[in-house]
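Residues 5 to 360 in the working numbering are what the sequence shown lists, from first letter to last.
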Amino acid sequence: MDVILTGDRPTGKLHLGHYVGSLKRRVELQNSGKYHNIFIMIADAQALTDNADNINKVRNNISEVALDYLACGLDPKKSTIFIQSQIPELCELSFYYMNLVTVSRLQRNPTVKNEIQLRGFKQSIPVGFFTYPISQAADITAFKANIVPVGEDQLPMIEQTREIVRSFNSQYKPVLIEPTAVLPENSVCSRLPGIDGAAKMSKSIGNCIYLSDSSNDIKKKVQSMFTDPTHLRVEDPGHTENNPVFIYLDAFCKDEYFKEFLPAYQNLDEMKEHYRRGGLGDGVVKKFLNEILQTELKPIREKRELLAQDLPRIFYMLHQGSIKAREVAAQTLSEVKTAMGINYFKDDIFSGRIEI
Ligand code: ATP
Ligand code: MG
Numbered sequence: 005m006d007v008i009l010t011g012d013r014p015t016g017k018l019h020l021g022h023y024v025g026s027l028k029r030r031v032e033l034q035n036s037g038k039y040h041n042i043f044i045m046i047a048d049a050q051a052l053t054d055n056a057d058n059i060n061k062v063r064n065n066i067s068e069v070a071l072d073y074l075a076c077g078l079d080p081k082k083s084t085i086f087i088q089s090q091i092p093e094l095c096e097l098s099f100y101y102m103n104l105v106t107v108s109r110l111q112r113n114p115t116v117k118n119e120i121q122l123r124g125f126k127q128s129i130p131v132g133f134f135t136y137p138i139s140q141a142a143d144i145t146a147f148k149a150n151i152v153p154v155g156e157d158q159l160p161m162i163e164q165t166r167e168i169v170r171s172f173n174s175q176y177k178p179v180l181i182e183p184t185a186v187l188p189e190n191s192v193c194s195r196l197p198g199i200d201g202a203a204k205m206s207k208s209i210g211n212c213i214y215l216s217d218s219s220n221d222i223k224k225k226v227q228s229m230f231t232d233p234t235h236l237r238v239e240d241p242g243h244t245e246n247n248p249v250f251i252y253l254d255a256f257c258k259d260e261y262f263k264e265f266l267p268a269y270q271n272l273d274e275m276k277e278h279y280r281r282g283g284l285g286d287g288v289v290k291k292f293l294n295e296i297l298q299t300e301l302k303p304i305r306e307k308r309e310l311l312a313q314d315l316p317r318i319f320y321m322l323h324q325g326s327i328k329a330r331e332v333a334a335q336t337l338s339e340v341k342t343a344m345g346i347n348y349f350k351d352d353i354f355s356g357r358i359e360i
């Protein structure tokens, strides 16, 4: 019985990194019909761990993320879409899991280390932020998810979850399931760089092309993209590795697009070869990338605009999803407390059903 859990922080609208890194895959998995249950979580509580002073940002982005989901093809009839903060059982689970993890183990988490640096926390790291890998373990295990489709930055979180599961199951009773991370098949999609060339496109850095960007914004952002700094004149030989424009082409280009927009080449390999040899300007490459992104994003943007006209319907869907998710998490929490021997009033001796 395969169960999926995955999600996003409502810290902004979703971007191309989310699309190729996780969203596209989720939709394929959802439509494969192979999964017993699919849970998609809008991680507002996790977003608050580094946005406690910016509640409105998190609040306002809940519906934005939900719109992005539906516009990309997630379907509430097939997937349970819910809001993390509405499931208090997740906090309870985190509280018990905290006793199974050491401070030094959290300090070693490379993604958290990197995010602390990016956010400039220095010595003022919020405790909630520092411990978010534990809360993520609660999110995954509450739904007994065994499959977690994510981008590469999430691998340390899944590893932390697996350790917590093993520790819990061996100390108490084997009630938790060890999850497996599923990365995109195309490795460039596991960590799409930002348009500024930074290692990761990220809402919190603001180096993104959003799924909802207007046609004009996409064009402007593509034109402003970082390329190969050594490729100064068209005739200079260029580098395609570590060149964000080519990385985006690796993620999005199909051979059909050459026929449609750039018939001088049959495929991406031919185009890369020309760039490396020299004689192919960045302007041509960017123009081609722009055509592709316009084609990929137009249907998503149009569907999104239509859905945005009825926000009450979106909130209704999130409410229904949260009710369903809560039932599942409550069942797991009850099993966890029984395994730990702290479900006191469910024990006959404590419930008063047995007189002492
Ligand atoms: P924030 O900056 O607030 O952390 P984010 O852009 O990193 O936002 P998240 O909500 O943290 O987005 O990530 C949600 C999912 O999207 C995770 O599975 C993550 O691995 C994946 N993801 C995020 N950014 C990228 C990216 N640039 N390339 C591939 N996958 C990504
Ligand atoms: Mg992130």
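Glycine residues also receive a C-beta, built at the ideal position from the N, C-alpha and C atoms.
(Q) I need the DSSP call for Val-186, collapsed to helix, strand or coil. (A) Val-186 carries a strand assignment under DSSP once its states are collapsed to helix, strand and coil.
Q | According to DSSP, residues forming a beta bridge with His-40 | A | Answer is none; His-40 lacks a bridge partner.
Q) For Tyr-279 versus Thr-336, is the C-beta spacing smaller than 8 Å? A) Between Tyr-279 and Thr-336, the gap from beta carbon to beta carbon reaches 8 Å or more.
Q: Answer yes or no: the CB of Cys-193 versus the heavy atoms of ligand 3, is any distance below 7 Å?
A: This structure lacks ligand 3; the ligands present are ligand 1 and ligand 2.
Q: Please list, in chain order, all residues of the same chain as Ile-251 whose beta carbon is under 8 Å from its beta carbon, the five residues on each side excluded.
A: Apart from the 5 residues on each side of it in sequence, Ile-251 sits with its Cβ closer than 8 Å to the Cβ of Val-192, Leu-196, Pro-197 in its chain, given in chain order.
(Q) Taking 8 Å as the limit between beta carbons, can you name the residues of its chain near Phe-147, skipping five residues before and five after? (A) So the list reads Val-7, Leu-9, Asn-41, Phe-43, Ala-329, Val-332, Ala-333, Thr-336, once near-sequence residues are dropped.
Q.
So Asp-48 and Ser-89 are supposed to be a Cβ contact under 8 Å. How far apart are they, rounded?
A. With a beta-carbon spacing of about 5 Å, Asp-48 and Ser-89 fall inside the 8 Å limit used to define contacts.
Q) Does the region 11 to 20 come within contact of the region 161 to 177, defined as at least 3 CB pairs closer than 8 Å? A) No, the region 11 to 20 is not in contact with the region 161 to 177.
Q: Just grab the DSSP bridge partners of Leu-9 for me.
A: Bridge partners of Leu-9 according to DSSP: Phe-43.
Q. Run through DSSP, which three-state label would Tyr-279 get?
A. DSSP places Tyr-279 within a helical segment (H, G or I) once states are collapsed to three.
Q. Taking the runs of the beta strand (DSSP E) that are 3 residues or longer, which of them lie wholly in the region 28 to 93?
A. Within the region 28 to 93, the complete beta strand (DSSP E) segments at least 3 residues long are 41 to 46, 84 to 87, listed from N- to C-terminus.
Q: Could you spell out where the alpha helix (DSSP H) holding Val-152 opens and where it closes?
A: Counting along the chain, Val-152 falls outside any alpha helix (DSSP H), though it belongs to the beta strand (DSSP E) covering 151 to 153.
Q. Does the distance from the CB of Val-179 to the CB of Ile-138 come in under 8 Å?
A. In this structure, Val-179 sits away from Ile-138, with a CB-CB distance that is not shorter than 8 Å.
Q.
Using CA atoms only, rank isn't needed, just tell me which of Val-154, Glu-93, Asn-64, Ser-128 is closest to Lys-28.
A. The shortest CA-to-CA distance from Lys-28 to any of Val-154, Glu-93, Asn-64, Ser-128 is the one to Val-154.
Q: Using only alpha-carbon positions, find the residue among Lys-263, Cys-212, Leu-236 that is nearest to Gly-285.
A: Of the listed residues, the one whose Cα sits closest to Gly-285 is Leu-236.
Q. Taking the C-alpha atoms as reference points, what is the distance between Ile-144 and Phe-349?
A. When only Cα atoms are considered, Ile-144 and Phe-349 end up about 26 Å apart.
Q: Identify, in the order they occur along the chain, each residue of the same chain with its Cβ nearer than 6 Å to the Cβ of Tyr-261, setting aside the five sequence neighbours on each side.
A: By the criterion of a C-beta distance shorter than 6 Å, Tyr-261 is surrounded in its chain by Ile-296, once the five residues flanking it on both sides are discounted.
Q: Assuming Asp-72 contacts Leu-18 (C-beta within less than 8 Å), just tell me the rounded distance between them.
A: Yes, Asp-72 and Leu-18 are in contact; Cβ-Cβ is about 4 Å, under 8 Å.
Q: Give every residue of the same chain whose Cβ lies closer than 6 Å to the Cβ of Ile-181, excluding the five residues on either side of it in the sequence, and list them in chain order.
A: Counting only Cβ-Cβ distances below 6 Å, and skipping sequence neighbours, we find Lys-148, Asn-150.
Q: State yes or no: is the C-beta of Gly-210 nearer than 7 Å to some heavy atom of ligand 1?
A: False, no ligand heavy atom lies under 7 Å from that Cβ.
Q | Cβ-based neighbour list, Val-169, same chain, cut-off 8 Å, excluding 5 preceding and 5 following | A | Here the set comprises Ala-141, Thr-145, Leu-180, Ile-181, Glu-182, Pro-183.
Q. Which ranges does the beta strand (DSSP E) cover as unbroken runs of at least 3 residues, wholly within the region 96 to 184, from first to last along the chain?
A. Complete beta strand (DSSP E) runs here, min 3: 151 to 153.
Q) Count the other CB atoms within 10 Å of the CB of Lys-204; is the residue buried (16 or more) or exposed (fewer)? A) So Lys-204 counts as buried.
Q. Considering Gln-298, what are the terminal residues of the alpha helix (DSSP H) in which it resides?
A. Residues 286 to 311.
Q: Would you kindly work out how many angstroms separate the C-alpha atoms of Val-31 and Asp-351, rounded to a whole number?
A: Distance between the alpha carbons of Val-31 and Asp-351 is about 43 Å.
Q: Give me the Cα-Cα distance between Ser-36 and Glu-277, rounded to the nearest whole angstrom.
A: So the alpha carbons of these two residues sit roughly 37 Å apart.
Q) If we ignore side chains and look at the alpha-carbon of each, how far apart do Gln-324 and Ser-67 end up? A) Gln-324 and Ser-67 have their C-alpha atoms some 14 Å from each other.
Q | Where the alpha helix (DSSP H) containing Gly-25 begins and where it ends | A | According to the DSSP assignment, Gly-25 belongs to no alpha helix (DSSP H), since it is labelled neither H nor E.
(Q) Whole angstroms are fine: how far does the CA of Val-24 sit from the CA of Glu-119? (A) So the two alpha carbons sit approximately 21 Å from each other.
Q) Where does His-19 sit, in a helix, a strand or coil, going by DSSP? A) Reduced to three states, the DSSP call for His-19 is strand.
(Q) By the DSSP assignment, the alpha helix (DSSP H) with Gln-335 in it spans what residues? (A) Run containing Gln-335: 315 to 344, per the alpha helix (DSSP H) assignment.
Q | Within the region 213 to 269, ranges of the alpha helix (DSSP H) (whole runs, at least 4 residues) | A | If only uninterrupted alpha helix (DSSP H) runs of at least 4 residues are considered, those enclosed by the region 213 to 269 are 219 to 227, 248 to 256, 259 to 265.
(Q) Is Ser-26 a contact residue of ligand 2, with contact defined as CB to any heavy atom under 7 Å? (A) No.
Q | Candidates Arg-357, Ser-326, Val-226, Met-321, of which the one nearest Leu-74 by Cα | A | Considering only alpha carbons, the answer is Met-321.
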